[in-house]
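K.L.:
Supplied in structure tokens, the structure appears directly below.
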Amino acid sequence: MSEIGKLFVIVGPSGVGKGTLVKHLMNRVPYLFLSISATTRSPRKDEKDGINYYFLKTNEFEELIKAGDFIEWATIYGNYYGTLREKVEQKLSLPTDVILEIDVQGARQIKENADKAVFIFIKPPSEEELKERLRERGTETADEIEKRLSIAIEELKSESEFDHVIINDNLNEAIDRLVDIIIKYRESNTIN
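With numbering that gives the first Met the number 0 applied, the sequence shown covers 0 to 191.
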């Protein structure tokens with residue numbers, strides 16, 4: 000990938016609050032582009048194609064995999080999810096930083112292909128809190144919540160693989176820390 004902009008990868012298990020943090024980040028930091036993932040899952044209430052996700056049929060997604068059109072993709076909870084290469088490369092060729100909000104599987108693929116990316120792992124204050132957040136979303140059944148929690152517990156073990164770790168305990172502090180990482184990178188082009 001030839002880059003002018005920087006790729007920031009926001010990683011963490013389902014229900015940890017990545018989406019909320021990214022939403023606040025986008026409102027506070029200019030010149031960021033939030034990459035929209037493609038998926039084969041059905042849209043949730045109020046989700047729109049091309050805004051929340053690119054909703055694809057399984058055969059369409061598989062054709063894009065064969066063509067090498069994803070910079071990362073995975074099967075999660077029985078559905079495909081992935082990031083379209085062309086959309087990200089187009090934005091990175093401009094002086095625009097790109098935010099990817101993805102899971103651990105996808106982040107590992109990107110680590111193999113984009114050595115200049117900054118990886119920020121979001122974790123919950125506890126497993127109990129994560130379970131409660133998943134319940135409060137009201138988008139999954141009890142069985143789905145247990146499945147997501149089981150996967151999340153495994154994903155939490157991978158935090159040392161990433162450049163930065165933010166504990167999403169206090170929302171405002173977590174947002175400030177995320178903004179600080181982005182701004183410090185832009186100011187110095189390195190992050191300690």
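In this text, a Cβ means the ideal position worked out from N, Cα and C, and glycines have one as well.
1. Opposite Asn-58 in the DSSP bridges: which residues?
2. Quick one, which of Asn-169, Lys-90, Asp-96 has its alpha-carbon nearest Pro-124's?
3. Between Asp-68 and Ala-141, what straight-line distance do the alpha-carbon atoms span, to the nearest angstrom?
4. With a threshold of 16 other CB atoms inside 10 Å of the CB of Asn-191, please say whether the residue is buried or exposed.
5. Between which two residues does the alpha helix (DSSP H) carrying Leu-148 extend?
6. With Glu-14 and Arg-136 assumed to form a contact (beta carbons below 8 Å), what rounded beta-carbon distance in angstroms separates them?
7. With a threshold of 16 other CB atoms inside 10 Å of the CB of Asp-179, please say whether the residue is buried or exposed.
8. Glu-100 and Ile-9 look like a contact to me (Cβ under 8 Å); what is the Cβ gap, rounded to whole Å?
9. Please name the residue in Thr-95, Ala-151, Asn-78, Ile-64 whose C-alpha comes closest to that of Phe-7.
10. Could you have a look at Asn-171 and say whether DSSP puts it in helix, strand or coil?
11. Might you give, ordered along the chain, the residues of its own chain that have their beta carbon closer than 6 Å to the beta carbon of Gln-108, omitting 5 neighbours on each side?
P.N.:
In terms of the structure at hand:
1. According to DSSP, Asn-58 bridges with nothing at all.
2. Asn-169
3. 35 Å
4. Annotation note: pLDDT 42 at Asn-191 (below 50); position unreliable, coordinate value reported separately. Its Cβ having fewer than 16 others within 10 Å, Asn-191 is exposed.
5. 141 to 155
6. The sequence as given places Gly at residue 14; Glu does not occur at that position. Confirmed, Cβ separation roughly 7 Å.
7. exposed
8. 5 Å
9. Thr-95
10. helix
11. So the qualifying residues of the chain are Glu-71.
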